[in-house]
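A.B. asks: Mapping to UniProt numbering: the sequence shown position 214 is 214, numbers consecutive. Below: one structure in structure tokens.
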Amino acid sequence: MQRPPGHLVVSGLGTALLAAAAVHHWTELGTVSGSVGPALALALDGGFALAVIYAGRRLSRAGLSRRGEWRVALWTVAGSVTALAGLGATLLVRVFEGRSLVEPAFPLLVSADSGALAGAVAGYYAVRQASEARRAREATRAVSFVNHLLRHDLRNDLATIQGYADLDGDAGDPDHRAVISRKAQEGLDRIEATSGIADTLLGDATLRPMDLANTAREALDDVDRARDVTVEADLDEPAPVEATDGLRSVVDNLVENAVEHAGPGALVRVAVRVGPETVTLAVADDGPGIPPGKRDALFDAENDVGGLQIVDALVDAYGGRVSVADSELGGALFEVTLPRREPTPGDGQSATSTASDT
Numbered sequence: 001m002q003r004p005p006g007h008l009v010v011s012g013l014g015t016a017l018l019a020a021a022a023v024h025h026w027t028e029l030g031t032v033s034g035s036v037g038p039a040l041a042l043a044l045d046g047g048f049a050l051a052v053i054y055a056g057r058r059l060s061r062a063g064l065s066r067r068g069e070w071r072v073a074l075w076t077v078a079g080s081v082t083a084l085a086g087l088g089a090t091l092l093v094r095v096f097e098g099r100s101l102v103e104p105a106f107p108l109l110v111s112a113d114s115g116a117l118a119g120a121v122a123g124y125y126a127v128r129q130a131s132e133a134r135r136a137r138e139a140t141r142a143v144s145f146v147n148h149l150l151r152h153d154l155r156n157d158l159a160t161i162q163g164y165a166d167l168d169g170d171a172g173d174p175d176h177r178a179v180i181s182r183k184a185q186e187g188l189d190r191i192e193a194t195s196g197i198a199d200t201l202l203g204d205a206t207l208r209p210m211d212l213a214n215t216a217r218e219a220l221d222d223v224d225r226a227r228d229v230t231v232e233a234d235l236d237e238p239a240p241v242e243a244t245d246g247l248r249s250v251v252d253n254l255v256e257n258a259v260e261h262a263g264p265g266a267l268v269r270v271a272v273r274v275g276p277e278t279v280t281l282a283v284a285d286d287g288p289g290i291p292p293g294k295r296d297a298l299f300d301a302e303n304d305v306g307g308l309q310i311v312d313a314l315v316d317a318y319g320g321r322v323s324v325a326d327s328e329l330g331g332a333l334f335e336v337t338l339p340r341r342e343p344t345p346g347d348g349q350s351a352t353s354t355a356s357d358t
């Protein structure tokens with residue numbers, strides 16, 4: 001069973017404390033002369049309890065995540081228990097010393113109420129501060145990733161342009177001009193997409209329906225034809241997911257990584273599998289593979305492994321995961337698993353696509 005939102009826990013605790021105060025002071029009316037005393041006492045401990053209830057309502061509109069609300073709720077409960085335990089311990093000492101206790105319920109209620117309120121306030125600011133610190137770290141991470149993205153992906157496009165520009169022969173060869181024009185446009189498109197990728201890494205982007213199979217086909221169409229590599233694709237089934245333009249960078253980097261590390265004459269196989277709840281992109285090669293002991297370090301920010309850090313960060317933002325294993329081809333197998341989105345009539349249909357270069 002799913003836990004209730006944290007703000008309901010805070011408000012519920014405040015309501016319970018208010019009810020306890022009301023019952024206690026109502027019963028006092030029969031034991032004390034007049035009603036002014038119990039009314040003032042109820043105004044004090046009941047006022048704290050109402051403040052806790054109000055804190056719960058404010059928490060529901062604070063824009064915190066469900067986890068953040070629960071952290072505030074835990075702070076609230078901990079504050080109440082701590083204050084109650086502190087006062088309770090002093091009362092026990094008085095009992096141990098043989099001193100008489102006069103109406104211990106009232107100070108205990110005030111302690112529980114004020115402790116809960118203090119815990120709610122402290123918890124809110126602690127969660128806010130942690131959120132801001134995390135966002136600052138994510139901003140630094142996004143800048144680092146975008147810098148890597150531009151240096152790695154854009155550098156590859158410019159290297160291809162430079163390579164064709166330096167080829168011997170007719171500089172006006174239509175094929176050469178077409179490649180240069182295409183790569184130049186890809187570089188411009190990549191620069192435009194960088195802003196969206198940064199938003200994704202910062203958590204500011206809105207995910208939209210995309211077809212992973214179609215994105216993979218587009219990426220394979222742009223595999224460098226000058227490389228001595230064969231690329232096989234099994235992308236005949238629509239693969240609906242929710243992502244951003246960064247999904248193309250995920251596929252590009254995985255394919256580029258396979259092509260680079262498999263070596264000349266390599267075979268790279270790209271496939272998409274659609275399950276009941278998930279969609280999986282598999283990129284396998286027949287290269288030397290990756291030893292199990294080195295796989296966990298592939299996605300460390302300190303390593304330069306051809307954009308795999310970008311892949312891991314983007315896939316995580318899409319609610320998915322990346323795994324590395326041995327492929328049936330003898331090399332490495334990278335799998336990206338994303339939540340499946342239910343297809344709609346507007347989704348495009350995919351066809352089998354195979355791209356090969358020898």
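We put the CB at the ideal spot given by N, CA and C, even for glycine.
In angstroms with no decimal places, state the Cα-to-Cα distance between G14 and E277.
C.D. replies: Taking the straight line joining both Cα atoms gives about 40 Å.
A.B. asks: Return helix, strand or coil for E232, following the three-state DSSP convention.
C.D. replies: Residue state, collapsed to three classes: strand.
A.B. asks: Between the C-alpha atoms of G306 and L267, what's the straight-line distance to the nearest angstrom?
C.D. replies: Because G306 carries a pLDDT of 47, less than 50, the predicted location of this residue cannot be relied on, and the following value inherits that uncertainty. For G306 and L267, the distance between alpha carbons rounds to 19 Å.
A.B. asks: Only counting runs of 4 or more residues, tell me where the alpha helix (DSSP H) segments fall wholly within the stretch 239-263, in order along the chain.
C.D. replies: 246-262, all fully within the stretch 239-263.
A.B. asks: If you count every other CB in all the chains shown that lies within 10 Å of the CB of R137, and 16 or more means buried, which is it?
C.D. replies: So R137 counts as exposed.
A.B. asks: Whole angstroms are fine: how far does the CA of G79 sit from the CA of D304?
C.D. replies: Residue placement at D304 is flagged as unreliable, the pLDDT there being 48, under the threshold of 50; the coordinate-derived value follows with that caveat. If I take the Cα positions, the gap works out to 46 Å.
A.B. asks: For G46, is the classification buried or exposed, using 16 other Cβ atoms within 10 angstroms of its Cβ as the cut-off for buried?
C.D. replies: Per the 10 Å Cβ criterion, buried.
A.B. asks: Give the secondary structure of S323 by DSSP, where H, G and I count as helix, E and B as strand, and everything else as coil.
C.D. replies: Correct three-state label for S323: strand.
A.B. asks: Three Cβ pairs or more, each shorter than 8 Å: is that satisfied between the stretch 239-253 and the stretch 273-288?
C.D. replies: The stretch 239-253 is in contact with the stretch 273-288.
A.B. asks: Which residues in the same chain have their Cβ closer than 8 Å to the Cβ of R341, if we skip the five residues on either side of it in sequence?
C.D. replies: P209, P240, V241, E242, listed in sequence order.
A.B. asks: Would you check if the distance between the CB atom of H24 and the CB atom of E69 is smaller than 8 Å?
C.D. replies: It is not a contact, given that the beta carbons lie outside the stated cut-off.
A.B. asks: Does the stretch 101-121 come within contact of the stretch 39-59, defined as at least 3 CB pairs closer than 8 Å?
C.D. replies: Yes, the stretch 101-121 touches the stretch 39-59.
A.B. asks: One question on the structure: do L220 and V229 come within less than 8 Å of each other, judged by their Cβ atoms?
C.D. replies: The answer is no: Cβ separation not under 8 Å.
A.B. asks: Check whether the Cβ atoms of G263 and G287 sit closer than 8 Å, and answer yes or no.
C.D. replies: Against a cut-off of 8 Å, the Cβ pair of G287 and G263 comes out as a contact.
A.B. asks: Would you list the residues sitting across from R208 in a DSSP beta bridge?
C.D. replies: In the DSSP output, where bridge partners are listed per residue, R208 has A243.
A.B. asks: In angstroms, rounded to a whole number, what distance separates the CA positions of S214 and G63?
C.D. replies: The displayed chain sequence assigns Asn, not Ser, to residue 214. Taking the straight line from one Cα to the other gives about 36 Å.
A.B. asks: Do A332 and D285 have their C-beta atoms closer together than 8 Å?
C.D. replies: Yes, the Cβ-Cβ distance between A332 and D285 is below 8 Å.
A.B. asks: How should R269 be labelled, buried or exposed, when 16 other C-beta atoms within 10 angstroms of its C-beta is the threshold for buried?
C.D. replies: Buried: at least 16 other Cβ atoms inside 10 Å.
A.B. asks: Quick test of your reading: I290 and V324, contact by CB under 8 Å. State the CB separation rounded to the nearest angstrom.
C.D. replies: That belief holds up - the Cβ atoms of I290 and V324 are roughly 6 Å apart, short of 8 Å.
A.B. asks: Where does E335 sit, in a helix, a strand or coil, going by DSSP?
C.D. replies: In this structure, E335 counts as strand in the three-state DSSP scheme.
A.B. asks: Jot down the residue ranges of each uninterrupted alpha helix (DSSP H) in the stretch 52-126, minimum 4 residues, whole runs only, in chain order.
C.D. replies: Listed in chain order, the complete alpha helix (DSSP H) runs (minimum 4 residues) inside the stretch 52-126 are 66-96.
A.B. asks: Under the criterion of a Cβ to heavy atom distance below 7 Å, does D296 qualify as lining the ligand SAM?
C.D. replies: This structure lacks the ligand SAM; in fact it carries no ligand of any kind.
A.B. asks: Taking 8 Å as the threshold (C-beta atoms), are A55 and A120 in contact?
C.D. replies: In this structure, A55 lies closer than 8 Å to A120 by Cβ.
A.B. asks: So, using beta-carbon positions, are G319 and P292 closer together than 8 Å?
C.D. replies: Not in contact: G319 and P292 (Cβ atoms no closer than 8 Å).
A.B. asks: How would you call Y125, buried or exposed, if buried means at least 16 neighbouring beta carbons within 10 angstroms?
C.D. replies: By the neighbour-count rule (16 or more Cβ atoms within 10 Å), Y125 is not buried but exposed.
A.B. asks: Check the DSSP bridge columns for T200 and list the partner residues they point to.
C.D. replies: Answer is none; T200 lacks a bridge partner.
A.B. asks: For the beta strand (DSSP E) that contains T280, what are its first and last residues?
C.D. replies: 278-285 is the span of the beta strand (DSSP E), which, as asked, contains T280.
A.B. asks: Is the distance from the Cβ of V259 to the Cβ of L212 below 8 Å?
C.D. replies: In this structure, L212 does not lie closer than 8 Å to V259 by Cβ.
A.B. asks: Mind checking who residue 375 pairs with in its DSSP beta bridge?
C.D. replies: Outside the shown range of the chain (1 to 358) lies residue 375, about which nothing can therefore be said.
A.B. asks: Which stretch, first to last residue, makes up the alpha helix (DSSP H) that contains R295?
C.D. replies: Looking at the DSSP string, the run of the alpha helix (DSSP H) that includes R295 is 292-295.
A.B. asks: What does the Cβ neighbour count give for T76, buried or exposed, with the cut at 16 atoms within 10 Å?
C.D. replies: Buried: at least 16 other Cβ atoms inside 10 Å.
A.B. asks: Out of K294, L235, V311, S181, point me to the one whose CA is closest to D245's CA.
C.D. replies: Checking every option, the nearest Cα to that of D245 belongs to V311.
A.B. asks: Taking the CB atoms as reference points, tell me whether residue 429 and V52 lie closer together than 8 Å.
C.D. replies: Nothing about residue 429 can be read from this structure; the chain reaches only from 1 to 358.
A.B. asks: Using beta-carbon positions only, say whether R66 and P5 come within less than 8 Å of one another.
C.D. replies: Yes, Cβ-Cβ distance for R66 and P5 is below 8 Å.
A.B. asks: Do you know offhand how far L298's Cα is from V72's?
C.D. replies: Between L298 and V72, the C-alpha separation is close to 36 Å.
A.B. asks: What are the residues that DSSP puts in a beta bridge with A20?
C.D. replies: DSSP, once it has assigned bridges, lists no residue as partnering A20.
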